[in-house]
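Protein chains in written order, with the numbering used here: chain A, 1 to 458; chain B, 1001 to 1485.
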Amino acid sequence: MIGTVIRLELVRLWRSGPLMVALLAWVGAAAGATLHGERAIERQRRALAASSALQAEQHAAVLSHQPPDANAGDQLYYLAFHTRHDPSTWAALSMGQRETRAFNLKVRMLALYGQLYDGDLTSPVLDALGHVDFVFVLVALVPLLVIAVAHDIVSGEHEAGTWPLLGSQPASPSLVLALKLAVRVGTVALVVGLVTAAAPVAVGAPLDARVALAVVAAVGYVLCWGLTAFAVSALGRGSDVNALAMLGLWLAGVIVGPTLVATVAAARFPAPEALALTVQQRQGYHAAWDRPVAETMAAFYRRYPEWTAVPVPSDRYSNAWYYAMQQRGDDAARDAALAYAETLRARDRWMRAWWWVFPPAALQASFDRLARTDLPAYLAYLDSVSAYHERLKRFFFPVVFSEAPVRDVAWSTAPQHRHLDEGAPTDLAPGLVAVGGWVAIAAGVGLALRARFHRQVT
Amino acid sequence: MTVGRVVRTELTRLVRSGAFTALGVLLAVLVATSGLVAWRAERAYEAQRRRYASTVDEQWAAQPDRHPHRVSHYGYLLFRPRSPLSVFDPGVTAHTGSTLFLEAHRQNSMNFAEAAQGDSPLRFGGLSMAVVLQLLVPLVLFVAAAGAVAREREEGTLALVCSLGVPWATWLGGKVLALVVAALAVVLPGVLVVGGWLALSGGVAWTADAWWRAATLAGVHVAYFAACATLGVIVSAACRTSRDATLVLVGIWLVLWVLVPRAVPAAASAAHGLPTRAAFEAEVERRTRALGDSHDPADEKFEAFKADLLARAGVSRVEDLPVNYNGVQMAEGERLTTEAYRGMRDALAAVRRDHERAASLAAVGAPVLAMRLVSMALAGADVAYVDDFERQAEDYRYALVQYLNRLHAEEVANAADRYVAASGSDAPTRQRIEASHWRETPVFAYVPLPMRRSLAQAWPAAAVLLVWTGALALVLWRLRPEVWA
């Protein structure tokens, strides 16, 4: 009997033109989004690969312009060193803000805080319209599929007039309906799970625990919405009311809720430190031009005591004095820069606390974490650039302090930068917990409504 | 049966329908909430901007005696003021930076864009009043309009109306009018609350141009609601049951209001690619390197320029010139590099305009895109408005730097224009000029883009919106619904 119900339901699904079209459309959208993500990340990878050639070209152009005994320290003003933030293997699937944030910053030996916050070239109108990636198709569009498939589990029987037939079946009506739900939602879950397993492979991510957990998360997500549809259905209103109620939940959970949280977060954490650090860095550096050399060097030696013994002329311009002045600019802005990063992290944490209430956002945020395309990943990149800037300074200080000529410097041994981090399977934990919690709640509500449901049938 | 009667009947039906009242209240709350949150953020931003702008001004005037070229590297910091209506529609504001550093030899980017500091993971942007009015109100209108004709057909009253000899255009027009009135009733309280708060709190530069923009925005939104209501009524008249109409309308909303706009950036950026910053700056540097180093008076690329200058002044040595040659060469170098950079920047702006044009093209299928573009343009939050600020800032940068270069040429003697030995208590320096000069430098007078030019920039989107509204009105006027279910 159970087998019959399942087979009948599968046939009904297969014959239903609109539902098959919806499933195919979703698969098409997922494929398109994956392709788009892959192309965008590929463009970034190509740019990063070309970056070292660009750096070499610029260095050659600057250095070859000079006679070999020219002061090497003078050239450091112009030489730009490229930093690389390589995309992780999952970045194509969950692009986060990678397309709008810098991933290939150039730094010169000058004060860091004037260079660190440059953005990349983007098209603001396209950014305002929002980008599509695979995880968006998963999180925002799967619920629509589930709604289309599951909204008339109960009410469809009412409207087709087969409801009394159910009551006359040997098995309990709630079992029959649970089976129908299982078949419908199960079909969607199967399709979604297969696509979620295929997408990472298609973009070149290794087949590891992360893929398995992603599939679990996707199937769990389908289950959430399926159980919610069942609970809404069990309230006993018509199919279109069910569909509208589910659509309202989708609107609230996917669009209105998360955007309202983000808007309030931006208002609550305005980050004035950004403007403060810009003003302080500029003032700190330029004020040093009007102070005696000894005063600036004293501040410099507090940070780099190893250079205390090396004499710096105090009656004429020297590059050591120049870079000590740049350091003063950085020192003046350091507190504000650290406070800025902390404010951004605090804003991110505040938003993530709200995602427990909005599981779709929690799921997308978890995938962003897995793909290392979220805000903390960007801040980690900026930290790595700061550390690289420090290494550059320490490499070139001997050149500057000794006033070495260009030909004596081993330019090709200068530090290079590369920053790559890969997500770990545990990154998906918040999303999985949020989805799991919702499944539990929806199942609980559904079970509670079972009693009311029985009364309807008998 | 007059239009007024139709409107009143339809409004009664809507109010009696619990669903519409609930949705309406929800929407009103959303409008008010989003407006108040946006107003609070805007106020904080404006206060911050004013504070740092006056700090920068004070620091500029308080500079001690300095060499003019030092001052042109000290530069000036600008913080972009936002249009007062960006409380309503922030447009691209979150995706464009707020801080611009003006200095010699370099054109910097605007940094610290709001969206780069944190955004909703699903990247639907922020919930602004414009989003609520342009995305959510149409959904509510569709749901309300689905039953407008179809339910009457199901209940049989459509035949009655037909038999009364009421012209279809009047009756359908009345339905649309009722829906628009209902939408306005939902939206206006929130808008008025926020508008009242804005007006009472002051502190925002509300000019005549802003009033015109606000009035035009209001008019465009009323027309937009009417167009959406018309679409709803047309579908309702075409579908047999109100259930079918609801399904079709919600489907239309999902595809044309949510999904298609989301797919546009992928298509547009695939069609017109932007270079990366590294590639762009490498190209800028290639071009400017070819122009020579204006810091070096012996640079051979300026030989011809130097020879020409000497010939025109009738002297044979640079030291005999009445002005400081270093300053003159700096001015010439600045002119050349600025020209090279502006050419490249215009190429970038052309690509961005192509993107906007692609969005306008997609708007032929999805009218919400046209509405968003027009709304952004009118609110002073579109790319053209921000670009205009950047252009004025760049012009100011050039004027300021060339003013300082002229000071360099005229006030600093060539013989004293090199680093001299300093005593222990002074910094080594070239000749400094008096600090009073810094109070006479040109001031940045930003003139916001007037509405006329904003609309001119957004004409493709406005045209698409007009065509949509006109076509829908035409269809409604000629519609003869099926009387029986």
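Glycine included, each C-beta is placed from N, C-alpha and C at the ideal position.
Taking 8 Å as the cut-off, the Cβ atoms of residue 280 of chain A and residue 336 of chain A count as close. Here residue 1439 of chain B is exposed. Its C-beta has fewer than 16 other C-beta atoms within 10 Å. Scanning the region 1408 to 1458 of chain B from its first residue to its last, the whole alpha helix (DSSP H) runs of 4-plus residues come out as 1451 to 1457. Looking from the CA of residue 197 of chain A, the closest CA among A/31, A/320 and A/322 belongs to A/31. Contact annotation: residue 1247 of chain B and residue 254 of chain A have beta-carbon atoms that are not nearer than 8 Å. Spanning the alpha carbons of residue 134 of chain A and residue 226 of chain A requires a straight line of approximately 21 Å. Taking C-alpha positions only, residue 90 of chain A is separated from residue 371 of chain A by approximately 5 Å. Note on geometry: alpha-carbon atoms of residue 219 of chain A and residue 184 of chain A lie some 13 Å from one another. With contacts defined by Cβ atoms closer than 8 Å, residue 1054 of chain B and residue 1103 of chain B do not form a contacting pair. With respect to the C-alpha of residue 317 of chain A, the residue from A/292, A/333 and A/157 having the closest C-alpha is A/292. By the neighbour-count criterion, in which a residue is buried when 16 or more other Cβ atoms sit within 10 angstroms of its Cβ, residue 1234 of chain B is buried. Within 7 Å of the CB of residue 255 of chain A, the CB atoms of chain B belong to 1124, in sequence order along the chain.
Sixteen is the threshold: when 16 or more other Cβ atoms of the shown chains lie within 10 Å of the Cβ of residue 29 of chain A, as they do, the residue is buried. Contact between residue 312 of chain A and residue 1092 of chain B is ruled out by a C-beta separation of about 48 Å, above the 8 Å threshold. Along the region 234 to 247 of chain A, the positions whose C-beta sits under 9 Å from a C-beta of chain B are 238, 239, 240, 241, 243, 244 and 247, read in chain order.
Taking residue 153 of chain A as the centre and dropping the five residues before and after it, the same chain places the C-beta of 177, 180, 181, 184, 229, 230 and 233 closer than 8 Å to its C-beta, in chain order. The C-alpha of residue 1278 of chain B is placed about 56 Å away from the C-alpha of residue 446 of chain A.
One finds 262, 265, 266, 269, 344, 347, 348, 351 and 375 in chain A with Cβ atoms closer than 8 Å to the Cβ of residue 1118 of chain B, taken in chain order. The count of Cβ pairs closer than 8 Å, one atom from the region 46 to 66 of chain A and one from the region 377 to 385 of chain A, stays below three, leaving the stretches out of contact.
Residue 1395 of chain B counts as exposed, since fewer than 16 other C-beta atoms from the protein chains shown sit within 10 angstroms of its C-beta.
The beta carbon of residue 1483 of chain B sits closer than 8 Å to the beta carbons of 1153, 1158, 1159 and 1162 from its chain, once the five residues preceding and following it are set aside; these are given in chain order. Around the beta-carbon of residue 1397 of chain B, 16 or more other beta-carbon atoms lie within 10 Å, marking it buried. Along the region 269 to 285 of chain A, the positions whose C-beta sits under 8 Å from a C-beta of chain B are 269, 270, 271, 272, 274, 275, 276, 278, 279, 282 and 283, read in chain order. The beta-bridge partner set that DSSP reports for residue 405 of chain A consists of A/71.
Residue 101 of chain A reaches chain B at 1116, counting residues in chain order whose Cβ is nearer than 8 Å. Contact check for residue 1389 of chain B against residue 1249 of chain B fails: the beta carbons are separated by 8 Å or more. Only residues of its own chain outside the window of five on either side were considered, and among them none has a CB closer than 6 Å to the CB of residue 266 of chain A. Comparing alpha-carbon positions, the option among A/392, A/92, A/405 and A/426 lying closest to residue 204 of chain A turns out to be A/92. The beta carbon of residue 119 of chain A falls within 8 Å of a beta carbon belonging to chain B, placing the residue at that interface. For residue 389 of chain A, not one C-beta of chain B is nearer than 8 Å to its own C-beta.
Residue-level contact check: residue 1064 of chain B touches chain A, since one or more beta carbons of chain A fall below 8 Å from its beta carbon.
Taken atom to atom, the span from the alpha-carbon of residue 15 of chain A to that of residue 143 of chain A is near 21 Å. Taking 8 Å as the threshold, the shortest C-beta distance from residue 1099 of chain B to chain A falls below it.
Taking a cut-off of 8 Å on C-beta distances, the region 1128 to 1141 of chain B touches the region 1369 to 1380 of chain B, as three or more cross pairs fall below it. In the DSSP assignment, residue 81 of chain A is bridged to A/107. For the set B/1035, B/1042 and B/1114, the Cα lying nearest the Cα of residue 340 of chain A is the one of B/1114.
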